[in-house]
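For the sequence shown, numbering that gives the first Met the number 0 begins at 0 and goes up steadily by one.
Cβ atoms here follow ideal geometry from the backbone N, Cα and C, with glycine treated the same way.
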Amino acid sequence: MKKMLIIVTTALLSCAASAQTRVQTVALEKGWNAVWLEVQPEFASPGDVFGDAPVDIVAGYVKPVSEAQFAKSTAVNVQSLSGWNVWYAPHRADAPLSRLRQLRGDMGYLVHALAPATVTVRGTVSGAAFCWTPNRFNLAGFTVAAQGAPTFRQFFQGSPAHNHNKVYRLAEGVWRQVLNPDAEAMRPGEAFWVFCAGGSDWQGPLAVAANASAGLMLVGALPGEVTFKNASPHPLGVTLALVTEDGNAALPLAAVIKAVLPDTAGVTDVPIDFPDGAWSQDFPALEAGGGLKLPFALRIKEAAQGGSTGLLKVTTDLGTETWVPVRAVN
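Okay, structure coming up:
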């Protein structure tokens with residue numbers, strides 16, 4: 000048993016070394032931008048991420064804020080950012096005062112650009128859930144489609160803690176309240192302030208969970224599973240895809256269904272192979288409050304020896320996206 004644990008641990012370390020990656024595109028306007036970093040950058044210093052862009056200041060949020068911040072001073076003022084760590088570009092006189100050394104994925108940042116720019120950030124997907132601080136404004140962001148993203152009301156409607164208009168988004172250097180959440184759509188890579196009234200584990204209209212905290216874990220012939228639950232008050236169409244671009248592996252996966260044996264009335268597992276390479280599969284619409292459990296198995300005869308990784312993308316017809324890392328040990 001001890002030898003097996005050592006082998007599995009070694010394979011998991013190999014998986015971590017070649018973790019699931021994707022590329023995030025960040026569109027910057029001139030002036031201040033509220034950016035939600037969806038990936039953990041391969042090279043994580045602010046200079047590595049934004050050094051080729053006309054960016055001179057990056058500020059990272061480190062402390063909770065009160066509602067008074069928006070009532071009294073809605074404009075971004077880096078000199079008053081006592082709850083932030085700040086990076087200044089090397090050409091600035093205040094560069095030696097920089098305290099922000101590394102950027103982290105699944106976090107929000109204020110980014111000041113001297114001119115409009117587009118930045119591509121390659122990094123790993125953590126699969127971690129957003130952790131809400133209750134009864135506070137949280138700097139949050141979520142992966143949504145570039146076209147057809149949900150409105151703030153559509154995204155938060157199923158959550159009593161967030162179904163309100165206590166949301167602020169940055170526009171022309173000023174935090175402006177979203178007064179009509181039914182009309183304003185969310186944007187990918189955008190960070191915004193949203194109040195969390197009480198405790199919450201809300202991650203969006205479609206709750207996606209895998210059998211491991213870091214995503215879908217498959218060890219040999221042992222199956223894993225991904226569950227989907229519609230937490231919105233309306234039906235949701237769901238599409239699941241295996242993404243192979245950006246260096247992700249084309250893992251040989253199968254869905255495991257239950258079949259009744261006609262002679263014995265017993266039940267057995269039957270693997271239904273997904274296609275080789277990238278694939279996409281639509282599922283029947285989930286009714287409000289409905290769920291779906293999808294067991295996965297690794298086709299071990301076709302899988303590479305040792306550890307390998309992949310990336311599943313879950314989209315809804317509401318315009319939300321969820322990325323699920325896959326780790327397999329053969």
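Residue range of the unbroken beta strand (DSSP E) whose run includes residue i
i    : result
P270 : 266-272
Q156 : Segment: none, Q156 is in no beta strand (DSSP E) and carries neither H nor E.
N32  : 30-36
V328 : 320-328
Q146 : Per DSSP, Q146 belongs to no beta strand (DSSP E) and is neither H nor E.
W278 : 278-285
K300 : No beta strand (DSSP E) contains K300, which DSSP labels as neither H nor E.
D55  : 54-60
V193 : 191-195
N137 : 135-139
M106 : 106-112
F227 : 223-229
Residue environment, residue i, which counts as buried when at least 16 other CB atoms sit within 10 Å
i    : result
P40  : buried
R21  : buried
K71  : Because K71 sits at a pLDDT of 47, beneath the cut-off of 50, its placement in the model cannot be relied upon, and the following sentence gives the value as read from the coordinates. Exposed is the call here.
V269 : exposed
V24  : Correcting the residue identity first, residue 24 is Thr in this sequence and not Val. T24 comes out exposed.
V259 : exposed
A148 : buried
A303 : exposed
I256 : exposed
G214 : buried
L27  : buried
G50  : exposed
Pairwise C-alpha distance: residue j and residue i
i    : j    : result
G104 : V266 : 43 Å
P324 : T119 : 20 Å
Q202 : S231 : 11 Å
F154 : M106 : 19 Å
V143 : A184 : 10 Å
T238 : A92  : 50 Å
D275 : P251 : 6 Å
N162 : T150 : 12 Å
T132 : G126 : 19 Å
G157 : A206 : 11 Å
V124 : T243 : 14 Å
V61  : R326 : 31 Å
G59  : D272 : 44 Å
A160 : F227 : 21 Å
G236 : D200 : 22 Å
R175 : V85  : 22 Å
Nearest candidate by alpha-carbon position, reference residue i, set the options
i    : options                : result
T321 : F295, E183, F129, A284 : F129
N32  : P133, Q146, F191, V124 : F191
Q280 : A296, V313, V255       : V313
M216 : L99, Y60, S307         : S307
G198 : Y108, T117, F136       : F136
A116 : Q304, A52, E224        : A52
G318 : P187, V124, N164       : P187
L221 : V54, P261, A253        : A253
K300 : D245, G219, I256, F273 : G219
G46  : Y60, S97, A26          : S97
P204 : R152, G82, P261        : R152
R100 : L138, A43, Y108        : A43
K292 : F282, Q304, R298, V225 : V225
A145 : P180, A139, Y108, E189 : E189
D245 : P283, V173, K29, R121  : R121
A196 : N164, W83, A249        : N164
N329 : L297, G309, L310       : L297
Unbroken alpha helix (DSSP H) run spanning residue i, endpoints
i   : result
D47 : 45-49
Counting Cβ pairs, one atom from each stretch, are 3 or more of them under 8 Å apart for the stretch 168-186 and the stretch 205-219?
Flag = no, the stretch 168-186 and the stretch 205-219 do not touch.
Take every Cβ of the stretch 110-118, pair it with every Cβ of the stretch 287-299, and state whether three or more of those distances are shorter than 8 Å.
By the Cβ criterion, the stretch 110-118 is not in contact with the stretch 287-299, since fewer than three pairs of Cβ atoms, one from each stretch, lie closer than 8 Å.
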